[in-house]
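Notes to accompany the following structure.
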Amino acid sequence: MEQDEKKGIMYAAFSYIFWGVLPIYWKWLQHVSADEILANRILWSFIFMIILLVITKKWKKFVDTLKNIKSNRKIVLSLIVASIFITLNWFIYIWAVNADHIVEASLGYYINPLISILLGVFVLKEKLSIIQIITFLLAALGVLILTLSYGHFPWIAFGLALTFGLYGLVKKVIKVDSSIGLTLETMTVTPFALMFLIYLSVKGNLTFFTGSAETDLLLIGGGVVTATPLLFFAKGAQAIPMYLLGFLQYIAPTIMLILGVFFYSEQFTKAHMWAFICIWSAIIILSVTNVYKSSKWKKTNSLSA
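Under the numbering used here, read the sequence shown as residues 63 to 367, first letter to last.
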């Protein structure tokens with residue numbers, strides 16, 4: 063294994079571990095409403111990213127990117143849509159964590175790759191292989207088990223997977239540096255976040271600057287904990303193959319599941335167990351298939367070289 067690939071694995075693993083333990087951070091803000099946490103997360107992410115662009119000498123590149131996309135209506139629209147999807151994803155996630163639904167949120171990130179493939183079928187007209195059909199049937203069975211157990215559809219898990227899958231799909235159009243991309247996305251929704259915070263202040267319901275200094279620091283820090291794993295992920299993704307990234311992505315929901323069950327004592331019934339077994343089986347089949355395809359592709363390339 064090359065040195066760059068080892069570093070890439072470390073960067074990617076760190077980002078997924080960071081995402082996995084993030085529920086602990088939002089739990090510290092459980093006394094603040096999810097919508098106010100979200101508004102602060104957007105605002106401080108934008109401010110943090112602006113500072114970071116200046117420090118990393120990417121400010122000129124950001125300004126140039128902004129000038130270039132202004133005249134491209136397709137990219138502007140894609141940027142707005144991407145911002146909406148990631149905002150929805152953040153809100154569902156924060157609400158789920160603070161409403162004691164970490165286990166269901168972890169399920170959302172387990173099924174996310176399957177939802178992404180499904181979006182590829184319906185939106186990009188990609189064809190499903192037999193293996194992919196089997197994995198979908200297994201995942202669908204898992205979701206059905208949970209639906210029957212809950213008495214309602216697991217909308218938190220599906221909402222997280224769908225919004226993040228759609229976000230990834232739209233991002234294919236906006237091919238920019240990850241730090242610039244996050245700055246553009248948060249910039250798009252920051253005016254709305256500010257207006258909402260002003261509205262809360264006028265109504266006398268604003269927690270920021272009216273509560274404890276600890277709460278204020280945690281709300282400001284929401285920007286740092288949002289941007290940091292994304293930056294490490296971007297560095298890692300550049301240095302390692304996709305199949306390896308596919309394996310590593312399950313670190314985050316696994317940590318979330320452990321936190322939900324063992325640290326926050328969330329319910330994990332037999333129905334949960336069977337649902338997760340179905341989904342884990344689908345993930346294993348899909349991952350092994352991807353590794354096999356990748357090794358076969360490498361072998362073919364080495365023979366033709």
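We put the beta carbon where it would ideally sit given N, CA and C, even for glycine.
These figures come from a predicted structure and were not determined experimentally.
Could you tell me the boundaries of the alpha helix (DSSP H) in which Val373 lies? The structure shown does not extend to residue 373, since the chain is modelled only from 63 to 367, so the question has no answer here.
What's the call for Gly221, buried or exposed, on a 16-neighbour Cβ count within 10 Å? Gly221 is buried by the Cβ-count criterion.
Please classify Ala344 as buried or exposed, where buried requires at least 16 neighbouring CB atoms within 10 angstroms. Counting other Cβ atoms within 10 Å of its Cβ, Ala344 reaches 16 or more and is therefore classed as buried.
Just curious, the alpha helix (DSSP H) that Asn160 is in, first and last residue? Secondary structure note for Asn160: its alpha helix (DSSP H) is the uninterrupted segment 135-160.
Do Gly298 and Ser77 count as a contact pair if the criterion is CB distance below 8 Å? The beta carbons of Ser77 and Gly298 sit closer together than 8 Å.
Return the first residue and the last residue of the alpha helix (DSSP H) that Ile104 is part of. 96-117 is the extent of the alpha helix (DSSP H) around Ile104.
Only counting the same chain, and skipping five residues up and downstream in sequence, which positions put a Cβ closer than 6 Å to that of Pro291? Result list for Pro291: Ser77, Phe80, Trp81, in chain order.
Indicate the three-state DSSP secondary structure (helix, strand or coil) for Asn174 in the structure shown. For Asn174, the three-state secondary structure derived from DSSP is helix.
Can you give, in chain order, each stretch of the alpha helix (DSSP H) that sits fully within the segment 244-309 and has at least 4 residues? When DSSP assignments are scanned along the segment 244-309, the uninterrupted stretches of alpha helix (DSSP H) that are 4 or more residues long and fall wholly within it turn out to be 275-301.
Considering only their Cβ atoms, is the gap separating Glu67 from Thr269 smaller than 8 Å? One thing to note: Thr269 has its Cβ no nearer than 8 Å to the Cβ of Glu67.
Cβ pair Ile207, Trp121 closer than 8 Å: For Ile207 and Trp121, no; Cβs fall outside 8 Å.
Exposure label - Phe147; buried when at least 16 CB within 10 Å: Burial call: buried.
Beta-carbon proximity of Ala255 to Leu105, cut-off 8 Å: For the 8 Å CB-CB criterion, Ala255 and Leu105 form a contact.
Please report how far the alpha carbon of Ile177 lies from the alpha carbon of Ile193, in whole angstroms. Going from the Cα of Ile177 to the Cα of Ile193 covers about 15 Å.
Checking 8 Å against the spacing of the C-beta atoms, do Ala75 and Leu310 come in under that value? In this structure, Leu310 lies closer than 8 Å to Ala75 by Cβ.
If Ala219 sits next to Ile282, beta carbons under 8 Å apart, how far is it from one beta carbon to the other, in whole angstroms? Rounded, the Cβ-Cβ distance is 30 Å, inconsistent with contact.
For Leu231 and Leu141, the rounded distance between their alpha carbons: Each residue's alpha carbon lies about 12 Å from the other.
With 16 other CB atoms within 10 Å as the buried threshold, where does Leu279 fall? When all chains shown are included, Leu279 counts as exposed.
Given Tyr155 as reference, the closest of Val143, Leu169, Phe330 once Cα atoms are compared: It is Leu169 whose Cα lies nearest to the Cα of Tyr155.
Mapping the DSSP letters down to three states, classify Tyr78 as helix, strand or coil. In the structure shown, the three-state DSSP call for Tyr78 is helix.
So for Ser327, helix, strand or coil by DSSP? Residue state, collapsed to three classes: coil.
So, at 7 Å on beta carbons, what are the nonlocal neighbours of Ile137 in its own chain, with the 5 sequence-adjacent residues on each side left out? Its chain contains Ile131, Val235, Ile236 as the residues whose beta carbon lies nearer than 7 Å to that of Ile137, once the 5 sequence neighbours on both sides are disregarded; these appear in chain order.
Contained alpha helix (DSSP H) runs [length at least 4] in the segment 203-247, N- to C-terminal order: Unbroken alpha helix (DSSP H) runs of no fewer than 4 residues, entirely contained in the segment 203-247, are found at 217-233, following chain order.
If contact is defined by three or more beta carbon pairs under 8 Å, each pair taking one atom from either stretch, is the segment 326-333 in contact with the segment 180-195? Contact between the segment 180-195 and the segment 326-333 is absent: fewer than three C-beta pairs spanning the two stretches fall below 8 Å.
Between which residues of its own chain and Gly322 is the CB-CB distance below 7 Å, once the five residues before and five after are set aside? Contacts found: Ile164, Val165, Ser168, Glu328.
Looking at C-alpha atoms only, which residue of Ile86, Ile71, Ile112, Leu91 is the closest neighbour of Ala289? Of the listed residues, the one whose Cα sits closest to Ala289 is Ile112.
Rounded straight-line distance, which links the Cα of Gly243 to that of Asp126: Taking the straight line joining both Cα atoms gives about 13 Å.
Whole angstroms are fine: how far does the CA of Cys340 sit from the CA of His93? Cα-Cα distance, rounded: 35 Å.
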